[in-house]
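Colleague:
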Amino acid sequence: MNLSAEKRTCYCSEVRSSQNGQEVILKGWVHRRRDHGGVIFVDLRDRTGLCQVVISPETLPQDQFDKAHELRDEYVLAVRGTVRPRPEGTVNANLPTGEIEINTTQFEILNPSRPLPFRLDEYTNVNEDARLKYRFLDLRRPEMQKNFMMRHKLAQVTRGYLSDNGFLEFSTPILTKSTPEGARDFLVPSRHSAGSFFALPQSPQLFKQLLMVAGYDRYFQIATCFRDEDLRANRQPEFTQIDIEMSFITAEEVYALMEGLIAAVWKECRGIDVPTPFQRIPYQEAMLKYGSDKPDLRFDLPITEMTEFFSNTDIKVFAQTAANRGIIRALRVPGGAAFSRKQLDDYTAFAGIYGAKGLAWFKLNEGGEMQSPLAKFLDADKQKALVDAVGGETGDIIFVVADREKVVCDALGQLRLKVAADLKLIPEDKYAFAWVVDFPLFEYAEREKIFTPSHHPFTMPVPEDVPLLDEYNADPAKWNAGAMQDNPLRRVRAQAYDLACNGEELGGGSLRIHNKDIQDKVFQTIGISGEEARAKFGFLLDALSYGAPPHGGLAFGFERMLMLLLGEKSIREVIAFPKTQSGADLMVDASSTVDEEQLKELFIKTDLPPVPAKV
Ligand code: ASP
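FYI, the numbering for the sequence shown is 288 to 902, going by my numbering.
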């Protein structure tokens, strides 16, 4: 009987020695083929794994057997055969099917394959562009299939947990209006209205808030978000969020529910018990101790505030930095006294990437000697006070950076990560979760010299801090002319939280503004006039005035979570059809030019020769 018309009996990797003597039908791809003169061995592969198939003239008519010589890598094959134990000494303990093989009684080539552009089992040397161009082949690799099965699992566990906890799954529009998440919008021209555009959602933020106003109480969506950013490593123009919103909740309730989600995910996807509740770190403390609002807490190495200490020393640059409202902080590295001159130069250059104009160091050598170009400026008492302040011990090095706060945080924060990696202080396969809380509502954009929302403009300020908005709004010109440090906006705290894990921001969210007056104040503060607010967010302001419940939520980066679960370093390994760093899809060749006719319909005229985005 024609094999292509017959149903397979199981997947390739499901065959076991308990089936010895039984007939099976398998279908899959020729992963490897070994022609041992009289007998041909095929590793037949499907998405579950491999099974060894033996094609021998002893069990097949000669004309059929001869056909087996045509088999090449990635031919699609159907096989009927009997399960039998592998001969002694050829058992492969690394394969679930390693004890058996299939003695073929019939086979059929369902489809041949051209020679591959790269070998699937030697892909590590293959350039990524080739992998992306032939993604349908790249995705055949068992490593990739493992990733996408995990992706499926993560989605299912998430759905199960949220659904069990009363969340309803929604879809929100893709063709919509700009949602300010801080990136550039992708725009889609409207054919019905000349010169008008839809924006693709940067997140479903406003829709989920409106669903709360509509009374749905608990919402979730595994949502695609679109942000036209310059692609930094591990960003994609379209990515996925686990997007969540709840009504009548406190931040504490959000933490507890979300810790439950993370625990369920880690347990079911990785078999790992994640202890809850998670640690909480105020934003200011995270910035001070780890130089980051997404601290890697798998290892300690805290940074110490030393501005006051150094401003009272004879080290002129430090005193000057302090006098100019800069700050000075120290990073103690156990064992760092052994760093060579070259290593110190490299670390100085590294800190320079983040803007540090220098990296001071103090080695704590054997016999209590402090070695440093700056040691002569510190008398014995001061040296001792420095060592005590950072908890130094013999064999350590103390790094010091003096600069603007942002530079000090970035430089020491990054140095902390680099040194920890170099000294192998970061435990593999450990997950350190922490909620970062008490974020400032605004951040100061140095270049533009304006305050912008740290998260998005719908984040609820801490109630006691609302008068600071009034203080600023009463006379913005006065405050903007003054020193940035004195601006009351710097002191407004947000009811916002991020979940950090291993130095990544896994997600973040906030309690939202559900009161129109406060929303108006925030818009005014960030320079969105009443008119502009109506034009852009009239629907939201309306909704807030029709009995909006208190609500809040958050979103997790779905791919970020997957990367952590899988230990993958690149986001492209967990997206089936990703774009390159420059935003191109090499497989379908997008973006690409379109017909003049299509442009006309969309009222688009262009004088530029169209240049499709390429790598
Ligand atoms: N919409 C936010 C974001 O995309 C998440 C949230 O506040 O729920 O970052």
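All C-beta atoms in this analysis are idealised placements derived from N, C-alpha and C, irrespective of residue type, glycine included.
1. What three-state label does DSSP hand Val-809 in the structure shown?
2. Ile-559 to Glu-818, Cα distance in whole Å?
3. Is Asp-530 helix, strand or coil when you go by DSSP?
4. Just confirm the distance between the C-beta atoms of Thr-591 and Phe-845, as a whole number of angstroms; I'd bet it's less than 8 angstroms.
5. Phe-726 and Cys-788 - do their beta-carbons sit closer together than 8 angstroms?
6. Comparing the CB of Gly-834 with every heavy atom of the ligand ASP, is any distance shorter than 7 angstroms?
7. Can you name, in chain order, every residue of its own chain whose Cβ lies under 7 angstroms from the Cβ of Val-413, other than the five neighbours on each side?
8. Ignoring anything shorter than 3 residues, give me the beta strand (DSSP E) runs that lie fully in the segment 517–580, in order along the chain.
9. For the ligand ASP, is there a heavy atom less than 7 angstroms away from the beta-carbon of His-356?
10. Tell me which residues share the same chain as Gly-453 and place their Cβ nearer than 6 angstroms to its Cβ, disregarding the 5 neighbours each side in the sequence.
11. Please specify which runs of the beta strand (DSSP E), each continuous and at least 3 residues long, are wholly inside the segment 357–389, giving them in chain order.
12. Can you find the residues in the same chain that come closer than 7 angstroms, C-beta to C-beta, to Pro-744, ignoring five residues on each side of it along the sequence?
13. Classify Val-875 as buried or exposed, calling it buried when 16 or more other Cβ atoms lie within 10 Å of its own Cβ.
14. In the DSSP output, what is Cys-788 paired with across the bridge?
15. Are there any heavy atoms of the ligand ASP lying less than 7 angstroms away from the beta-carbon of Glu-758, as far as the coordinates show?
16. Any idea which residues DSSP pairs Asp-330 with across the strands?
17. Sorted by chain position, which residues of the same chain lie with C-beta nearer than 6 angstroms to Gln-432's C-beta, five sequence neighbours on each side aside?
18. Determine the burial state of Tyr-759: buried for a count of at least 16 other Cβ atoms within 10 Å of its Cβ, exposed for fewer.
19. Measuring alpha carbon to alpha carbon, tell me which of Ala-676, Leu-756, Met-771 ends up nearest Lys-735.
20. For Tyr-245, name the three-state secondary structure that DSSP assigns.
21. Okay, do the segment 690–699 and the segment 634–649 touch, 3+ Cβ pairs below 8 angstroms being the bar?
22. In its own chain, which residues sit with a C-beta less than 7 angstroms from the C-beta of Tyr-503, not counting the 5 before and 5 after it?
23. Take Asn-379 and list the residues in its own chain whose beta-carbon comes closer than 6 angstroms to its own, dropping the five residues that flank it on each side.
24. Here's a check: name, in chain order, each residue in its chain whose Cβ is nearer than 8 angstroms to the Cβ of Ile-614, leaving out the five neighbours to either side.
25. Taking 8 angstroms as the CB-CB cut-off, is Lys-433 touching chain C?
26. Report back the beta-carbon spacing between Leu-487 and Phe-507 to the nearest angstrom; my notes put them in contact at under 8 angstroms.
27. Inspect the CB distances between the segment 559–578 and the segment 649–666 and report whether three or more fall short of 8 angstroms.
28. Hey, quick one: how far does the beta strand (DSSP E) through Glu-592 stretch, first residue to last?
29. Do Arg-438 and Val-861 have their C-beta atoms closer together than 8 angstroms?
30. Does the distance between the C-beta of His-479 and the nearest non-hydrogen atom of the ligand ASP fall short of 7 angstroms?
31. Heavy atom of the ligand ASP less than 7 angstroms from the Cβ of Ala-470, yes or no?
32. Taking the CB atoms as reference points, tell me whether Gly-796 and Ala-732 lie closer together than 8 angstroms.
33. Between which residues of its own chain and Gln-571 is the CB-CB distance below 8 angstroms, once the five residues before and five after are set aside?
34. Excluding the five sequence neighbours on either side, which residues of its own chain have a C-beta within less than 7 angstroms of the C-beta of Cys-338, listed in chain order?
35. Please state whether the Cβ-Cβ distance between Glu-555 and Val-444 is less than 8 angstroms.
36. Shortest alpha-carbon distance to His-801 belongs to which of Glu-792, Gly-834, Lys-823?
Modeller: From the atom records:
1. helix
2. If you take the alpha carbons of Ile-559 and Glu-818, they lie about 52 angstroms apart.
3. strand
4. The Cβ separation is near 37 angstroms, so there is no contact.
5. no
6. no
7. Phe-405
8. 525–534, 566–569
9. no
10. Cβ within range, chain order: Arg-505.
11. Counting only runs of 3 or more, we get 363–372.
12. Pro-467, Val-809, Phe-810, Ile-813
13. Here Val-875 is exposed. Its C-beta has fewer than 16 other C-beta atoms within 10 Å.
14. Paired residues: Phe-720, Glu-791.
15. no
16. Arg-319, Gln-339
17. Arg-334
18. buried
19. It is Glu, not Lys, that sits at residue 735 in the sequence shown. Looking at the Cα atoms, Met-771 is the closest of the given residues.
20. Outside the displayed span of the chain (288 to 902) sits residue 245, for which this structure offers no information.
21. Taking a contact to require three or more Cβ pairs closer than 8 angstroms, the segment 690–699 and the segment 634–649 qualify as touching.
22. Around Tyr-503, the same chain offers Leu-455 as residues with beta carbons nearer than 7 angstroms, after the five sequence neighbours per side are excluded.
23. Gly-385
24. Glu-592, Thr-594, Thr-608, Ala-689, Asp-690, Arg-691, Glu-692, Val-695
25. Considering every chain present, this structure includes no chain C. It has just one protein chain.
26. That pair is no contact at about 20 angstroms.
27. Verdict: no, contact absent.
28. 590–592
29. Less than 8 angstroms separates the beta-carbon of Arg-438 from that of Val-861.
30. No.
31. no
32. no
33. Asp-725
34. Cys-299, Ser-300, Val-302, Leu-313, Leu-331, Thr-384, Ile-389
35. yes
36. When only C-alpha atoms are compared, the closest one is Gly-834.
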